[in-house]
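So in this note's numbering, the last spot in the sequence shown is 359, and the numbers never skip. Below is one structure, written out as structure tokens, with a few remarks after it.
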Amino acid sequence: MDPLDLSPAFVRLARHLRERIVGGEWLPGQLLPGEEALAKELRVSVGTVRKAFDVLSGQGLVTRHRGRGTFVARATNERAFTSFFRLVDRRNGVKRLPVDTILLRERATADAGECAALKLVAGSWVYRLRRRRTLDDTPLVVETITFPHARVGEQEWGDDGASAHLVYSFLEQQCGVSVSRVEDRLQACLLPGDVAQDFGLPAGHPVLLSVRTAFDLRGAPVEYRRSWTITDTQDYLSELRWVAGDELP
């Protein structure tokens, strides 16, 4: 027998709505049914629906707009840039949008690292990308980005002609995959030979390596990224803000 769920009604309703969002019933950017319509459909009070929406809003799954309604959250270009590109000029602290060049698009068999990160069985196919990111025509970052082929299908990333190709907007808007969290692991290393040629630098140049895994709303890995960054003139900035009233550990 399943254990009795004694959670408040609005918490149980939030779980139910989350499952419908994760299941694809409502897509990123789509307007959700109104509070009264959902209350009637699910036989709960409007107040319960409102509290459930508050929970989902706090989890970043929905956005609420007065007079317009509640929408499934989507990754905007601005949010994608400010959240995930953290290089600043060491001289003046300025952050600028890089110019991207796509070096490779391929559908191929996953290597051992990709299988481990994306929880794929040996022999699985992946969609693999390589891009170079430059400022003032100077290469700063070279990245290899890999997705499970089953989550991307025949969609092609970077076909929009934009100067910066946003990975999470591509996953969300073209593949129907919403990223809920990412894990970054940073380490100092020496530039490997197969990447050095994309920088125009000798192998062994010191770089910062970021290894990222991104997860969808169900917690399944959907992206594995290795980013080699030249930090001769740039810093990787991670900024934390203290809000009045917060307790320090």
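Just so you know, even glycine gets a beta-carbon here, dropped at the ideal spot from N, CA and C. As the structure is a computational prediction, the values presented were derived from the model and not from experiment.
- Contact between Val-154 and Leu-123 holds, since their C-beta atoms are separated by about 6 Å, short of 8 Å.
- Within the segment 243-296, the runs of beta strand (DSSP E) at least 3 residues long that lie entirely inside it are, in chain order, 248-258.
- Inter-segment contact for the segment 291-303 and the segment 235-245 is absent: fewer than three beta-carbon pairs are separated by less than 8 Å.
- In the displayed model, Ile-131 falls within a helix according to three-state DSSP.
- A buried status is given to Pro-208, since no fewer than 16 other beta-carbon atoms sit within 10 Å of its beta-carbon.
- It is roughly 17 Å from the alpha-carbon of Pro-331 to the alpha-carbon of Gln-284.
- For a cut-off of 8 Å, the C-beta gap from Ser-234 to Ala-220 is around 5 Å, short enough to register as a contact.
- Between Val-204 and Arg-328, the gap from beta carbon to beta carbon reaches 8 Å or more.
- In terms of Cβ geometry, Leu-142 and Val-172 form a close pair [threshold 8 Å].
- Contact between Gly-139 and Arg-184 holds: CB atoms are separated by about 4 Å, below the 8 Å threshold.
- Across the structure, Val-236 and Val-156 are spaced so that their CA atoms are roughly 45 Å apart.
- Here Glu-293 has Arg-322 and Thr-323 as same chain residues with Cβ atoms under 7 Å from its own Cβ, once five neighbours each way along the sequence are excluded.
- Exposed is the label assigned to Arg-176, since fewer than 16 other Cβ atoms lie within 10 Å of its Cβ.
- Annotation: the continuous beta strand (DSSP E) that includes Val-198 extends over 197-199.
- When secondary structure is reduced to three states using DSSP, Asp-342 falls in the coil class, being assigned neither helix nor strand.
- Apart from the 5 residues on each side of it in sequence, Glu-129 has no Cβ closer than 6 Å to any other Cβ in its chain.
- Your pair Gly-268 and Ile-212 checks out as a contact, with CB atoms roughly 5 Å apart and the cut at 8 Å.
- Under DSSP, Cys-225 forms no beta bridge with any residue.
- Here Ala-218 is exposed. Its C-beta has fewer than 16 other C-beta atoms within 10 Å.
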